[in-house]
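The structure appears right after this line, and notes come after that.
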Amino acid sequence: YPDDNKHFEHVLSGAMNVFPGEPCYVLDGLKDSWENTFELNGAAAEVLEILNISVRETSPKVKYLATYLAVEQLVERRMRSDSAQELIDKFIELTNKSELLEVERESLSGSLGYLKEQSFSSAFTSYAKRITSPETINEMPVTKFVSECIKLRNKIAHNAAIDSMPNIGEYTKQLRS
């Protein structure tokens, strides 16, 4: 402080948090870049929450799995054909009539019931075939990239060695994009 009594120092301090005024900007960005329609509903809110968690995660594997889970919420799965569903119903009926232990019968019947809906990997692959822009992701055709994402997810989820898999962080980044 100068001793001429004409000067002084004034310090102002504060903290700010900046939030977008309209959280739908993320969904608007998706609409502009993909030929698909999104709206902020319960499913979209879950996707945003999952992506938020994945960004803060430090483990590359968990970050990738969380991002993959967010994509799972976006891709619509269709029901299998009526013929396939009838066949699954017959398997369930045979399982329920079998002499297996009740716990095992219930477990198998429940699992068989989920087969009536298309698997996520099939739905994701079908979705990738419909993407016309961009033509490549991570320097590979979109369908190849999606196939590699599915393989990576399965390797991580089933605790397989992933040494042969390229950088997980790059896959996470591209999958988010």
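When you line the sequence shown up against the working numbering, it's residues 3 to 179, in that order.
All C-beta atoms in this analysis are idealised placements derived from N, C-alpha and C, irrespective of residue type, glycine included.
Between the segment 91-102 and the segment 136-145, can you find at least three pairs of beta-carbon atoms closer than 8 Å? no
May I have the straight-line CA-CA distance separating Arg132 from Ser15, to the nearest angstrom?
-> 52 Å
task: Could you pull out every residue in the same chain whose Cβ sits closer than 7 Å to the Cβ of Leu114, ignoring the five residues on either side in sequence?
output: Ile90, Phe93, Ile94 and Thr97
(Q) Looking at chain D, is there any beta carbon in it that lies within less than 7 Å of the beta carbon of Ile158? (A) The chain inventory of the structure shown lacks chain D, comprising one protein chain alone.
*Does the segment 65-83 touch the segment 103-121, meaning 3 or more C-beta pairs lie closer than 8 Å?*
yes
**OP:** Please work out which residues of its chain come closer than 6 Å, Cβ to Cβ, to Ala130, disregarding the five sequence neighbours upstream and downstream, and give them in chain order.
**Re:** Val144, Thr145 and Val148
Exercise. For Met18, which beta-bridge partners are listed by DSSP?
Worked result: In DSSP, Met18 forms no bridge with anything.
Give the secondary structure of Glu11 by DSSP, where H, G and I count as helix, E and B as strand, and everything else as coil.
coil
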